[in-house]
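S.K.: One gets this note's numbering by counting positions in the sequence shown from 1 and adding 150 to each. We treat Cβ as the ideally placed atom computed from N, Cα and C, and that holds for glycine. Bear in mind the structure is a predicted one, so any value in this text is a computation, not a measurement.
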Amino acid sequence: TATYAHIGPEVADRSKRFAGNNLACSNCHLQAGTKKFGIPLFGLFGEFPRYSARSGAQMTIEDRFNSCMTRSMNGRALPVSAPEMQAMVAYIKFLSTGVPPGELLPGLGTGKMPELDRPADPVRGKASYANACAVCHAPNGAGIRRSLPTTDLGYMVPPLWGGDSFNDGAGMARLITAANFLHFNMPHGVDYLNPQLSPEQAWDIAAYVISQPRPHKAGLDKDFPDLLEKPVDAPYGPYADGFGEQQHK
151 TATYAHIGPE VADRSKRFAG NNLACSNCHL QAGTKKFGIP LFGLFGEFPR YSARSGAQMT
211 IEDRFNSCMT RSMNGRALPV SAPEMQAMVA YIKFLSTGVP PGELLPGLGT GKMPELDRPA
271 DPVRGKASYA NACAVCHAPN GAGIRRSLPT TDLGYMVPPL WGGDSFNDGA GMARLITAAN
331 FLHFNMPHGV DYLNPQLSPE QAWDIAAYVI SQPRPHKAGL DKDFPDLLEK PVDAPYGPYA
391 DGFGEQQHK
(Lines of atoms letter the chains of each structure in order from A and count residues from 1; the text may use other names and numbers.)
(Lines give C-alpha, C1' and ligand atoms only; values in the text may rest on other atoms or scores of the structure.)
Protein backbone atom coordinates (compact mmCIF):
# COMPACT_ATOMS: atom_id res chain seq x y z
CA THR A 1 0.00 0.00 0.00
CA ALA A 2 3.05 2.30 0.24
CA THR A 3 5.07 1.11 -2.73
CA TYR A 4 6.54 4.57 -3.30
CA ALA A 5 8.12 4.54 0.19
CA HIS A 6 10.07 1.34 -0.51
CA ILE A 7 10.95 1.31 -4.22
CA GLY A 8 9.76 4.71 -5.43
CA PRO A 9 11.84 7.21 -7.43
CA GLU A 10 12.47 9.42 -4.40
CA VAL A 11 13.53 6.89 -1.73
CA ALA A 12 16.80 7.69 0.01
CA ASP A 13 18.55 4.51 -1.14
CA ARG A 14 19.06 5.13 -4.85
CA SER A 15 19.65 1.43 -5.49
CA LYS A 16 16.03 0.82 -4.46
CA ARG A 17 14.54 3.24 -6.97
CA PHE A 18 12.87 0.64 -9.15
CA ALA A 19 9.54 2.41 -9.68
CA GLY A 20 9.54 5.36 -12.06
CA ASN A 21 6.57 7.06 -10.41
CA ASN A 22 5.19 7.63 -6.93
CA LEU A 23 2.14 5.42 -7.31
CA ALA A 24 1.32 2.52 -5.00
CA CYS A 25 0.18 -0.96 -6.02
CA SER A 26 -3.03 -0.27 -4.10
CA ASN A 27 -3.90 2.63 -6.42
CA CYS A 28 -5.06 0.01 -8.91
CA HIS A 29 -5.34 -3.10 -6.73
CA LEU A 30 -7.84 -1.55 -4.36
CA GLN A 31 -8.05 -2.28 -0.64
CA ALA A 32 -4.63 -3.92 -0.78
CA GLY A 33 -5.76 -6.27 -3.54
CA THR A 34 -8.88 -7.55 -1.75
CA LYS A 35 -11.74 -5.56 -3.33
CA LYS A 36 -13.98 -7.41 -5.77
CA PHE A 37 -13.67 -5.95 -9.29
CA GLY A 38 -11.00 -3.58 -7.97
CA ILE A 39 -8.34 -5.68 -9.75
CA PRO A 40 -7.96 -7.99 -6.73
CA LEU A 41 -5.03 -10.31 -6.17
CA PHE A 42 -6.78 -13.01 -4.17
CA GLY A 43 -6.58 -16.58 -5.39
CA LEU A 44 -4.05 -15.83 -8.13
CA PHE A 45 -0.93 -17.53 -6.78
CA GLY A 46 -1.88 -20.95 -8.14
CA GLU A 47 -2.55 -19.52 -11.60
CA PHE A 48 1.16 -19.06 -12.31
CA PRO A 49 3.08 -19.84 -14.37
CA ARG A 50 0.62 -19.22 -17.18
CA TYR A 51 0.62 -18.16 -20.80
CA SER A 52 0.75 -14.42 -21.50
CA ALA A 53 -0.58 -13.26 -24.86
CA ARG A 54 1.24 -9.96 -24.39
CA SER A 55 4.65 -11.64 -24.23
CA GLY A 56 3.71 -14.70 -26.26
CA ALA A 57 5.33 -16.93 -23.63
CA GLN A 58 4.84 -18.55 -20.25
CA MET A 59 4.93 -16.02 -17.43
CA THR A 60 5.88 -16.62 -13.80
CA ILE A 61 4.30 -14.64 -11.00
CA GLU A 62 7.55 -12.66 -10.76
CA ASP A 63 7.34 -11.90 -14.49
CA ARG A 64 3.80 -10.64 -13.99
CA PHE A 65 4.85 -8.41 -11.12
CA ASN A 66 7.67 -6.97 -13.22
CA SER A 67 5.23 -6.29 -16.03
CA CYS A 68 3.45 -3.98 -13.60
CA MET A 69 6.79 -2.49 -12.59
CA THR A 70 7.68 -1.52 -16.16
CA ARG A 71 4.19 -0.39 -17.16
CA SER A 72 1.91 0.78 -14.34
CA MET A 73 4.87 1.86 -12.22
CA ASN A 74 6.78 3.14 -15.29
CA GLY A 75 10.02 1.76 -13.87
CA ARG A 76 12.39 -1.17 -14.16
CA ALA A 77 12.20 -4.82 -13.27
CA LEU A 78 12.98 -6.04 -9.77
CA PRO A 79 15.42 -8.95 -9.38
CA VAL A 80 13.63 -12.16 -8.43
CA SER A 81 15.84 -12.34 -5.35
CA ALA A 82 15.00 -8.81 -4.17
CA PRO A 83 13.30 -8.76 -0.75
CA GLU A 84 10.57 -6.51 -2.14
CA MET A 85 9.80 -9.05 -4.86
CA GLN A 86 9.76 -11.90 -2.38
CA ALA A 87 7.46 -9.92 -0.09
CA MET A 88 4.96 -9.28 -2.89
CA VAL A 89 4.94 -12.93 -3.94
CA ALA A 90 4.47 -13.98 -0.32
CA TYR A 91 1.54 -11.58 0.03
CA ILE A 92 -0.23 -12.90 -3.06
CA LYS A 93 0.39 -16.44 -1.81
CA PHE A 94 -1.20 -15.44 1.50
CA LEU A 95 -4.23 -13.99 -0.30
CA SER A 96 -4.54 -17.30 -2.14
CA THR A 97 -4.58 -19.48 0.98
CA GLY A 98 -6.95 -22.41 0.53
CA VAL A 99 -7.62 -21.70 -3.16
CA PRO A 100 -6.65 -24.70 -5.32
CA PRO A 101 -4.86 -24.07 -8.64
CA GLY A 102 -7.34 -23.59 -11.44
CA GLU A 103 -10.12 -22.17 -9.27
CA LEU A 104 -10.97 -18.56 -10.11
CA LEU A 105 -12.75 -16.74 -7.32
CA PRO A 106 -15.69 -14.40 -8.04
CA GLY A 107 -14.79 -10.74 -8.37
CA LEU A 108 -11.51 -10.96 -10.28
CA GLY A 109 -10.57 -8.28 -12.79
CA THR A 110 -12.57 -5.10 -13.26
CA GLY A 111 -16.05 -6.46 -13.96
CA LYS A 112 -18.06 -6.17 -17.15
CA MET A 113 -20.67 -3.50 -17.81
CA PRO A 114 -22.76 -2.96 -20.96
CA GLU A 115 -20.95 -1.68 -24.03
CA LEU A 116 -22.00 1.50 -25.79
CA ASP A 117 -23.74 1.63 -29.15
CA ARG A 118 -21.48 4.58 -30.04
CA PRO A 119 -17.78 5.37 -29.67
CA ALA A 120 -16.68 6.48 -26.22
CA ASP A 121 -16.49 10.27 -26.31
CA PRO A 122 -13.56 12.05 -24.60
CA VAL A 123 -15.30 15.43 -25.01
CA ARG A 124 -18.29 14.24 -23.00
CA GLY A 125 -15.83 12.52 -20.71
CA LYS A 126 -14.07 15.79 -19.96
CA ALA A 127 -17.33 17.31 -18.71
CA SER A 128 -18.16 14.23 -16.63
CA TYR A 129 -14.61 14.19 -15.25
CA ALA A 130 -15.01 17.80 -14.11
CA ASN A 131 -18.22 16.91 -12.29
CA ALA A 132 -17.31 13.55 -10.78
CA CYS A 133 -13.52 13.21 -10.63
CA ALA A 134 -11.71 16.55 -10.54
CA VAL A 135 -12.53 17.26 -6.90
CA CYS A 136 -10.21 14.39 -5.89
CA HIS A 137 -7.88 13.85 -8.85
CA ALA A 138 -7.59 17.60 -9.67
CA PRO A 139 -8.71 19.30 -12.88
CA ASN A 140 -5.30 18.63 -14.44
CA GLY A 141 -5.29 14.96 -13.39
CA ALA A 142 -2.26 15.48 -11.15
CA GLY A 143 -3.80 13.98 -8.01
CA ILE A 144 -2.97 15.14 -4.49
CA ARG A 145 0.44 14.56 -2.92
CA ARG A 146 0.60 13.57 0.73
CA SER A 147 3.22 16.22 1.44
CA LEU A 148 5.75 18.37 -0.37
CA PRO A 149 6.89 17.07 -3.78
CA THR A 150 10.40 16.61 -2.38
CA THR A 151 9.28 13.82 -0.01
CA ASP A 152 8.71 10.15 -0.77
CA LEU A 153 5.24 10.08 0.76
CA GLY A 154 3.34 9.39 -2.44
CA TYR A 155 -0.22 10.51 -3.07
CA MET A 156 -3.42 10.83 -1.11
CA VAL A 157 -5.13 10.63 -4.51
CA PRO A 158 -3.12 9.27 -7.46
CA PRO A 159 -2.48 11.16 -10.69
CA LEU A 160 -4.35 9.89 -13.73
CA TRP A 161 -2.05 11.34 -16.35
CA GLY A 162 1.20 13.28 -16.60
CA GLY A 163 4.77 12.31 -15.86
CA ASP A 164 4.10 10.64 -12.49
CA SER A 165 1.30 8.38 -13.73
CA PHE A 166 1.19 4.97 -15.43
CA ASN A 167 2.63 4.73 -18.93
CA ASP A 168 0.86 3.96 -22.19
CA GLY A 169 1.73 0.27 -21.99
CA ALA A 170 -0.17 -0.26 -18.74
CA GLY A 171 -3.40 -2.19 -18.54
CA MET A 172 -5.16 0.90 -17.21
CA ALA A 173 -4.33 2.67 -20.48
CA ARG A 174 -6.82 0.35 -22.19
CA LEU A 175 -10.35 1.69 -22.62
CA ILE A 176 -12.33 -1.41 -21.62
CA THR A 177 -10.22 -2.03 -18.54
CA ALA A 178 -10.32 1.60 -17.42
CA ALA A 179 -14.04 2.08 -18.07
CA ASN A 180 -15.10 -0.99 -16.10
CA PHE A 181 -12.74 -0.07 -13.27
CA LEU A 182 -14.29 3.39 -13.08
CA HIS A 183 -17.87 2.11 -13.22
CA PHE A 184 -17.48 -0.41 -10.42
CA ASN A 185 -15.10 1.53 -8.14
CA MET A 186 -15.38 5.28 -8.60
CA PRO A 187 -15.91 7.74 -7.07
CA HIS A 188 -13.80 6.37 -4.23
CA GLY A 189 -15.85 4.31 -1.81
CA VAL A 190 -18.44 2.83 -4.15
CA ASP A 191 -18.46 -0.83 -5.15
CA TYR A 192 -19.90 -3.10 -7.81
CA LEU A 193 -23.17 -3.49 -5.90
CA ASN A 194 -23.88 0.25 -5.88
CA PRO A 195 -22.14 1.99 -8.80
CA GLN A 196 -22.59 5.74 -9.08
CA LEU A 197 -21.23 6.39 -12.55
CA SER A 198 -23.51 5.28 -15.36
CA PRO A 199 -21.97 3.05 -18.02
CA GLU A 200 -22.06 6.01 -20.43
CA GLN A 201 -20.22 8.25 -17.98
CA ALA A 202 -17.63 5.59 -17.22
CA TRP A 203 -16.89 4.91 -20.90
CA ASP A 204 -16.57 8.60 -21.71
CA ILE A 205 -14.46 9.48 -18.67
CA ALA A 206 -12.14 6.57 -19.44
CA ALA A 207 -11.79 7.79 -23.03
CA TYR A 208 -10.92 11.26 -21.76
CA VAL A 209 -8.40 10.05 -19.18
CA ILE A 210 -6.50 7.72 -21.50
CA SER A 211 -6.38 10.42 -24.20
CA GLN A 212 -4.27 12.60 -21.92
CA PRO A 213 -0.44 12.73 -22.07
CA ARG A 214 1.51 10.16 -20.09
CA PRO A 215 4.94 8.47 -20.23
CA HIS A 216 5.62 6.30 -23.26
CA LYS A 217 6.90 2.75 -22.93
CA ALA A 218 9.43 1.84 -25.61
CA GLY A 219 9.01 -1.37 -27.58
CA LEU A 220 5.22 -1.63 -27.49
CA ASP A 221 5.25 -2.82 -31.09
CA LYS A 222 6.72 -6.07 -29.78
CA ASP A 223 3.74 -6.74 -27.50
CA PHE A 224 1.33 -9.49 -28.59
CA PRO A 225 3.53 -11.25 -31.14
CA ASP A 226 0.38 -13.05 -32.29
CA LEU A 227 -1.73 -10.07 -33.31
CA LEU A 228 -4.87 -12.20 -33.32
CA GLU A 229 -4.48 -12.39 -29.54
CA LYS A 230 -4.21 -8.63 -29.11
CA PRO A 231 -7.10 -7.07 -27.13
CA VAL A 232 -9.39 -4.92 -29.20
CA ASP A 233 -8.80 -1.94 -26.90
CA ALA A 234 -4.99 -2.05 -27.00
CA PRO A 235 -4.17 1.65 -27.56
CA TYR A 236 -1.13 0.99 -29.74
CA GLY A 237 -0.46 -0.86 -32.99
CA PRO A 238 0.21 -2.89 -34.95
CA TYR A 239 -3.16 -4.61 -35.32
CA ALA A 240 -4.40 -7.63 -37.22
CA ASP A 241 -7.38 -5.73 -38.63
CA GLY A 242 -7.47 -2.67 -40.86
CA PHE A 243 -8.32 -0.17 -38.13
CA GLY A 244 -5.94 2.35 -36.60
CA GLU A 245 -5.16 3.36 -33.04
CA GLN A 246 -7.98 5.91 -32.87
CA GLN A 247 -10.60 3.23 -33.59
CA HIS A 248 -9.09 0.86 -31.03
CA LYS A 249 -8.88 3.40 -28.22
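(1) In or out: Lys185 buried (at least 16 other Cβ within 10 Å) or exposed?
(2) Are the segment 217-236 and the segment 286-296 in contact at 8 Å, needing three or more beta carbon pairs?
(3) In this structure, how does DSSP classify Gln181 when only helix, strand and coil are distinguished?
(4) Thinking just about the alpha-carbon of each residue, which of Gly206, Pro365 and Pro349 is nearest to the one in Arg268?
(5) Could you check where the alpha helix (DSSP H) with Tyr279 kicks off and where it finishes?
(6) Take Asn224 and list the residues in its own chain whose beta-carbon comes closer than 7 Å to its own, dropping the five residues that flank it on each side.
(7) Measuring alpha carbon to alpha carbon, tell me which residue in Asp213, Thr220 and Asp371 is nearest Ile157.
(8) Using the three-state DSSP reduction, which class does Tyr358 fall into: helix, strand or coil?
(9) When you compare only the Cα positions, how much space is there between Asp163 and Ile294?
(10) How many angstroms separate the CA atom of Asp376 from the CA atom of Ala352?
(11) Suppose contacts are defined by Cβ-Cβ distances below 8 Å. Is Tyr358 in contact with Phe187 by that definition?
(12) Could you tell me which residues DSSP pairs with Met209 in its beta bridges?
(13) Quick one: measure Cβ to Cβ for Leu370 and Gly319, integer angstroms, because I've assumed they're closer than 8 Å.
(14) In the DSSP output, which residue or residues are listed as bridge partners for Tyr386?
(15) What's the gap between the Cα of Gln346 and the Cα of His333?
(16) Helix, strand or coil, according to DSSP, for Tyr305 in the structure here?
M.R.: Working from what's here:
(1) The residue is buried, with at least 16 neighbouring Cβ atoms inside 10 Å.
(2) no
(3) helix
(4) Pro349
(5) Here the alpha helix (DSSP H) through Tyr279 covers Pro272 to Ala282.
(6) Only residues of its own chain outside the window of five on either side were considered, and among them Gly170, Asn171, Phe316, Asn317 and Pro365 have a CB closer than 7 Å to the CB of Asn224, listed in chain order.
(7) Thr220
(8) helix
(9) 24 Å
(10) 30 Å
(11) No, the Cβ-Cβ distance between Tyr358 and Phe187 is not below 8 Å.
(12) Arg200
(13) 5 Å
(14) Note: Tyr386 sits in no beta bridge, so no partner.
(15) 7 Å
(16) Assignment of Tyr305 by DSSP, reduced to helix, strand and coil, places it in the strand class.
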